[in-house]
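Participant: Numbering (my numbering), first residue to last: 53 to 357.
Input: one structure, supplied below.
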């Protein structure tokens with residue numbers, strides 16, 4: 053099972069020659085899920101050999117240009133390459149109107165279905181394997197943070213035992229895996245007969261938080277395995293952070309510490325800083341297990357970092 057996250061960019065506001073707009077691509081069991089889409093997102097995806105045709109969902113945190121300026125080009129490329137699978141775009145209120153207006157302006161016609169979901173606090177995507185949860189955070193306009201949570205493993209399905217009981221492969225296996233008893237040839241068969249519950253494993257999780265000046269979401273991030281969090285400003289620039297509603301190093305460190313986050317990866321840096329180690333040192337003075345996000349680096353959630 054593949055569950056990893058690749059940073060496509062780490063820059064806030066404007067790109068630099070060595071930093072692209074912040075975006076995160078999550079791969080989960082053959083599916084690609086994109087968080088934000090800065091202007092260079094297509095090229096960054098190609099550099100790490102992630103197929104944009106494999107993207108099933110795009111989550112836009114908010115409607116500032118640096119977080120979705122690359123979206124129309126990405127949608128157009130998918131259409132030029134004859135994409136057939138539908139694509140779902142999640143965003144704050146008005147997401148469908150905004151995206152369709154942009155596509156109309158640029159005369160982009162998609163040959164595949166576009167679906168839209170407006171964000172709200174709580175679970176916004178729930179599949180058999182994972183959940184994606186949103187939480188509004190304070191910025192200059194509606195903005196959301198996300199937690200991607202892999203569901204806990206219910207145990208190992210013992211196929212050989214099912215076959216020994218004469219149960220054919222198919223939907224009955226799924227019912228047993230889901231913890232439901234079945235009736236087979238007049239006999240009730242419980243999941244205990246074909247499941248090894250000693251192998252239950254806790255699902256891994258990651259969080260993505262950008263463009264916020266807020267400290268009221270620590271509970272939302274509690275025990276997350278990897279937190280990708282904006283660290284836009286140093287503490288000496290606190291007034292600028294308040295004005296623009298961006299995060300400050302020491303606040304990010306306190307949030308990660310109080311939420312008992314296992315690993316903190318700093319992202320979305322203000323372009324005013326050439327040496328990002330100055331921000332890192334401030335964070336590490338409070339939360340030692342922090343590191344600077346690196347563009348095009350992949351973080352594997354199923355391998356201890």
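Note that the Cβ used here is the ideal one computed from N, Cα and C, for glycine as well.
Roughly how many whole angstroms lie between the Cα atoms of residue 350 and residue 85?
Facilitator: 14 Å
Participant: Within 10 angstroms of its Cβ, does residue 118 collect 16 or more other Cβ (buried), or is it exposed?
Facilitator: buried
Participant: Assign residue 14 to one of two classes, buried (16 or more other C-beta atoms within 10 Å of its C-beta) or exposed (fewer than that).
Facilitator: Because the chain is modelled from 53 through 357, residue 14 falls outside the range shown and cannot be assessed.
Participant: Name the residue from 288, 295 and 322 whose alpha carbon lies nearest to the alpha carbon of residue 334.
Facilitator: Checking every option, the nearest Cα to that of residue 334 belongs to 288.
Participant: According to DSSP, simplified to helix, strand and coil, what is residue 161?
Facilitator: coil
Participant: Would you please state the rounded distance, in angstroms, between the beta carbons of residue 55 and residue 354? I believe it to be under 8 Å.
Facilitator: 5 Å
Participant: Do residue 109 and residue 129 come within 8 Å of each other at the CB atom, strictly closer than that value?
Facilitator: no
Participant: Taking all protein chains shown into account, do 16 or more other C-beta atoms lie within 10 angstroms of the C-beta of residue 268, making it buried, or fewer, making it exposed?
Facilitator: exposed
Participant: From the DSSP secondary-structure annotation, give me the bridge partner or partners of residue 183.
Facilitator: 178 and 201
Participant: Helix, strand or coil for residue 79? Go by DSSP, reduced to three states.
Facilitator: For residue 79, the secondary structure class from DSSP, reduced to helix, strand or coil, is strand.
Participant: Can you tell me the Cα-Cα spacing of residue 198 and residue 218, whole angstroms?
Facilitator: 44 Å
Participant: Consult DSSP for residue 72 and reduce its assignment to one of helix, strand or coil.
Facilitator: It is coil, neither helix nor strand.
Participant: Can you say whether residue 133 is buried or exposed, counting buried as having 16 or more other CB atoms within 10 angstroms of its CB?
Facilitator: exposed
Participant: Does the region 250-266 come close enough to the region 294-309 to have 3 or more Cβ pairs within less than 8 Å?
Facilitator: yes
Participant: Specify the secondary structure class of residue 89 as computed by DSSP and reduced to three states.
Facilitator: coil
Participant: Can you give me the C-alpha to C-alpha distance between residue 174 and residue 325, rounded to a whole angstrom?
Facilitator: 35 Å
Participant: Identify, in the order they occur along the chain, each residue of the same chain with its Cβ nearer than 7 Å to the Cβ of residue 53, setting aside the five sequence neighbours on each side.
Facilitator: 81 and 354
Participant: Anyone know if the C-beta pair for residue 58 and residue 319 falls short of 8 Å?
Facilitator: Going by C-beta atoms, residue 58 is not nearer than 8 Å to residue 319.
Participant: Put residue 265 into one of helix, strand or coil per three-state DSSP.
Facilitator: coil
Participant: For residue 65, does the count of other Cβ atoms within 10 angstroms reach 16, so buried, or fall short, so exposed?
Facilitator: buried
Participant: Strictly by DSSP, which residues pair up with residue 248?
Facilitator: 208
Participant: Does DSSP classify residue 61 as helix, strand or coil?
Facilitator: strand
Participant: So, using beta-carbon positions, are residue 93 and residue 135 closer together than 8 Å?
Facilitator: no
Participant: State the CB to CB distance for the pair residue 209 and residue 228, rounded to an integer number of angstroms; the pair is presumed to be in contact (CB under 8 Å).
Facilitator: About 7 Å; that satisfies the 8 Å criterion.
Participant: Going by DSSP in three states, residue 119 sits in which element: helix, strand or coil?
Facilitator: helix
Participant: In angstroms with no decimal places, state the Cα-to-Cα distance between residue 159 and residue 60.
Facilitator: Rounded to the nearest angstrom, the two C-alpha atoms are 27 Å apart.
Participant: Helix or strand or just coil, what does DSSP make of residue 219?
Facilitator: coil
Participant: Give me the Cβ distance between residue 348 and residue 286, rounded to the nearest whole Å; I'm assuming they're in contact under 8 Å.
Facilitator: At roughly 25 Å, the Cβ-Cβ gap does not stay under 8 Å, so residue 348 and residue 286 are not in contact.
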